[in-house]
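A.B. asks: Protein chains in written order, with the working numbering: chain A, 149 to 263; chain B, 182 to 291.
Cβ coordinates follow ideal geometry from the N, Cα and C atoms, glycine included.
#1: In terms of residues, what are the limits of the beta strand (DSSP E) holding residue 251 of chain B?
#2: Taking contact to mean 3 or more Cβ pairs, one atom from each stretch, closer than 8 Å, check whether the segment 185 to 201 of chain A and the segment 158 to 170 of chain A are in contact.
#3: In angstroms, rounded to a whole number, what distance separates the CA positions of residue 243 of chain B and residue 261 of chain B?
#4: How would you label residue 150 of chain A, buried or exposed, when you count the other beta carbons within 10 angstroms and need 16 or more for buried?
#5: How would you write the range of the beta strand (DSSP E) that residue 192 of chain B sits in, first residue to last?
#6: Please state whether DSSP places residue 215 of chain A in a helix, a strand or coil.
#7: With DSSP as the reference, label residue 159 of chain A as helix, strand or coil.
#8: List the endpoints of the continuous beta strand (DSSP E) containing residue 180 of chain A.
#9: Starting from residue 187 of chain B, trace the beta strand (DSSP E) both ways and give me its first and last residue.
#10: Just list the residues that DSSP pairs residue 204 of chain B with in beta bridges.
#11: Could you check what DSSP says for residue 174 of chain A in three-state terms: helix, strand or coil?
#12: Pull up the CB-CB distance for residue 233 of chain A and residue 242 of chain A, whole angstroms please, since I reckon it's below 8 Å.
#13: Leaving out five residues before and five after residue 289 of chain B in sequence, what residues of the same chain have Cβ atoms less than 6 Å from its Cβ?
#14: Using 8 Å as the Cβ pair cut-off and three pairs as the minimum, do the segment 195 to 215 of chain B and the segment 172 to 181 of chain A touch?
#15: Give the secondary structure of residue 261 of chain B by DSSP, where H, G and I count as helix, E and B as strand, and everything else as coil.
#16: Kindly identify the DSSP beta-bridge partner or partners of residue 260 of chain A.
#17: For residue 225 of chain B and residue 266 of chain B, what's the separation of their Cα atoms in angstroms?
#18: To which residues of the same chain is residue 207 of chain A closer than 7 Å at the C-beta, ignoring the five residues directly before and after it?
#19: Between the alpha carbons of residue 229 of chain A and residue 160 of chain A, how many angstroms are there, rounded?
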């Protein structure tokens with residue numbers, strides 16, 4: 149199993165540009181998450197999904213959009229990039245079900261710089 | 182929401198046990214406490230979790246107080262590769278959403 153994969157690894161955007169961060173998991177997990185991590189800080193939840201077709205906001209959703217059309221994929225969309233969105237973005241997944249303890253598995257991250 | 186409090190940083194000599202404390206006095210009775218670590222800027226790595234009883238796996242041991250208000254992660258024989266930021270995490274009440282604090286920066290010294 150590859151686990152959770154994210155692309156791209158690095159990206160530089162100009163203010164106002166848009167992009168999609170890709171996330172895929174091959175563990176058949178029903179829950180998926182997007183976090184951002186600013187320098188020296190802990191992770192903050194942007195959006196999460198409890199299954200295909202179901203998404204909800206986390207702590208810091210403004211400026212982002214998500215969709216979940218399949219169990220495996222959970223892309224994060226930035227529509228109008230701003231310098232405040234310069235951060236490292238992590239995708240994670242977990243299994244929630246009978247007897248599950250819901251530990252999350254994280255991808256390697258995407259480092260985004262907005263200039 | 183479960184809020185956790187951890188020391189900002191700790192040092193540990195290589196080969197010695199590293200004991201990382203966490204206060205989670207607001208965690209609910211049926212919510213797990215999870216421990217993760219983050220090496221450099223890699224994705225957080227799961228270490229261990231617990232509910233009421235002490236837990237041990239190949240990476241670490243977790244000691245949870247009887248009142249569940251605090252826990253201690255123990256790395257029995259710390260190595261230089263254990264240098265990382267360690268997060269004690271309690272979920273957002275009634276959900277599976279993690280609430281991350283700023284963690285403890287553990288430095289293992291040669």
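C.D. replies: Checking against the coordinates, here is how it stands:
#1: Per DSSP, residue 251 of chain B belongs to the beta strand (DSSP E) from 251 to 256.
#2: No, the segment 185 to 201 of chain A is not in contact with the segment 158 to 170 of chain A.
#3: Whole-angstrom Cα-Cα distance: 20 Å.
#4: Exposed: under 16 other Cβ atoms inside 10 Å.
#5: Start and end: 190 to 194.
#6: Note: residue 215 of chain A maps to coil in three-state DSSP.
#7: Under the three-state reduction of DSSP, residue 159 of chain A is assigned to strand.
#8: Following the DSSP letters along the chain, one finds residue 180 of chain A inside the beta strand (DSSP E) bounded by residues 179 to 185.
#9: Per DSSP, residue 187 of chain B belongs to no beta strand (DSSP E) and is neither H nor E.
#10: Per DSSP, B:186, B:251.
#11: In this structure, residue 174 of chain A counts as coil in the three-state DSSP scheme.
#12: The C-beta separation of residue 233 of chain A from residue 242 of chain A comes to about 25 Å, leaving the pair out of contact by the 8 Å criterion.
#13: So the list reads 193, 195, 259, 261, 263, 264, once near-sequence residues are dropped.
#14: Contact between the segment 195 to 215 of chain B and the segment 172 to 181 of chain A is absent, because fewer than three Cβ pairs lie under 8 Å.
#15: Note: residue 261 of chain B maps to helix in three-state DSSP.
#16: When DSSP reads this structure, residue 260 of chain A sits in a beta bridge with A:159, A:235.
#17: Taking the straight line joining both Cα atoms gives about 9 Å.
#18: The answer, listed in chain order, is 192, 193.
#19: Cα to Cα, the separation comes out at about 10 Å.
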